[in-house]
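*Asks:* I am attaching a structure below and will ask some questions about it afterwards.
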Amino acid sequence: MENFLNEKEGFLYSHIRATFQFFFILIITVITACAPSLDKQRMAMKNTMAAYMNTPYRYGGTSKSGIDCSAFAQRVYASAGIKIPRTVAEQFSVGRKVEDDEYLFGDLLFFDTTIKESSCCCFFFPFSLFFGHRKPSKPTHVGIYTSGGKFVHASTSRGVTTDSINSSYWKRRFLGARRILKER
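Numbering-wise (the numbering used here), the sequence shown opens with residue 110 and increments by one.
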């Protein structure tokens, strides 16, 4: 009789344990499936960037028939389930500041495109060093860092395209970067 009770308790214990394990795994699966993973977010962002590539630039535009830089950034982030503000100035205030050369995929890069190239002749060149060049001061353009010093943005002249942050044009106008995506 004692042997029978031990078998019955063992049988009951193993079923309770198996049921607990099943529900534990089920709960963990549901929780992890509900929260978008960083890899899924990045893939959604990459797909959206690719879908908008070569879309013409249109100030105030928000669609594939024409889009501006801040709407492009907003659409890319929306594809990953992340809401960011509509304007460049507002986007410059979200996330956390990223130090130079520590950029990761998805970081927002901000530029002051009101800075013009110096067209001074040689005679006035010394004066242009003091008066013709100024430092970037306010964000007027945004792009999204991809990798290897490259970023994707809606260029006023070329539409949605890829450029190098290290080109003289963009380097001179660079203001800073903000990180929206969570790190692992």
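The beta-carbon is built from N, C-alpha and C at its ideal position, and this holds for glycine as well. None of these values were measured; they are calculated from a predicted model.
Check whether the Cβ atoms of L217 and P245 sit closer than 7 Å, and answer yes or no.
*Replies:* No, these two residues do not count as a Cβ contact at 7 Å.
*Asks:* Hey, quick one: how far does the beta strand (DSSP E) through R205 stretch, first residue to last?
*Replies:* Per DSSP, R205 belongs to the beta strand (DSSP E) from 205-207.
*Asks:* In angstroms, rounded to a whole number, what distance separates the CA positions of R151 and E226?
*Replies:* In a straight line, the C-alpha of R151 is about 35 Å away from that of E226.
*Asks:* Quick one: is Y168 buried, meaning 16 or more other Cβ sit within 10 Å of its Cβ, or exposed?
*Replies:* Per the 10 Å Cβ criterion, exposed.
*Asks:* Drop a sphere of 10 angstroms on the beta-carbon of N275, count the other beta-carbons inside from all chains shown, and report buried for 16 or more, exposed for fewer.
*Replies:* Looking at its Cβ environment, which holds fewer than 16 other Cβ atoms inside 10 Å, N275 is exposed.
*Asks:* Would you check if there are 3 or more beta carbon pairs closer than 8 Å linking the region 169-179 to the region 203-210?
*Replies:* The region 169-179, when compared against the region 203-210, does not touch it at the 8 Å Cβ threshold.
*Asks:* Quick one: what does DSSP say A180 is sitting in, helix, strand or coil?
*Replies:* A180: helix per DSSP, three-state reduction.
*Asks:* When DSSP labels each residue in this structure, what does A198 get in the three-state scheme?
*Replies:* Helix, per DSSP.
*Asks:* Check whether the region 156-170 touches the region 253-269, taking contact to mean three or more Cβ pairs, one atom from each stretch, closer than 8 Å.
*Replies:* Yes, the region 156-170 touches the region 253-269.
*Asks:* Can you grab the Cα-Cα spacing for the pair L147 / F219, in whole Å?
*Replies:* When rounded, the distance between both Cα atoms is 23 Å.
*Asks:* Check D221 in the structure and name its three-state DSSP category.
*Replies:* Correct three-state label for D221: coil.
*Asks:* Cα separation between R184 and R243?
*Replies:* Straight-line Cα distance between these residues: approximately 32 Å.
*Asks:* Give the DSSP-derived three-state secondary structure of S172 in the structure shown.
*Replies:* In the structure shown, S172 sits in a strand (DSSP, three-state: E or B).
*Asks:* Out of T157, A198, I289, point me to the one whose CA is closest to K247's CA.
*Replies:* Nearest option by C-alpha distance: A198.
*Asks:* Which value, in whole angstroms, describes the spacing of the CA atoms of V139 and L290?
*Replies:* Residue placement at V139 is flagged as unreliable, the pLDDT there being 47, under the threshold of 50; the coordinate-derived value follows with that caveat. One C-alpha to the other measures close to 22 Å.
*Asks:* Hey, how far is the Cα of T222 from the Cα of R281?
*Replies:* Near 9 Å, if we compare the C-alpha coordinates of R281 and T222.
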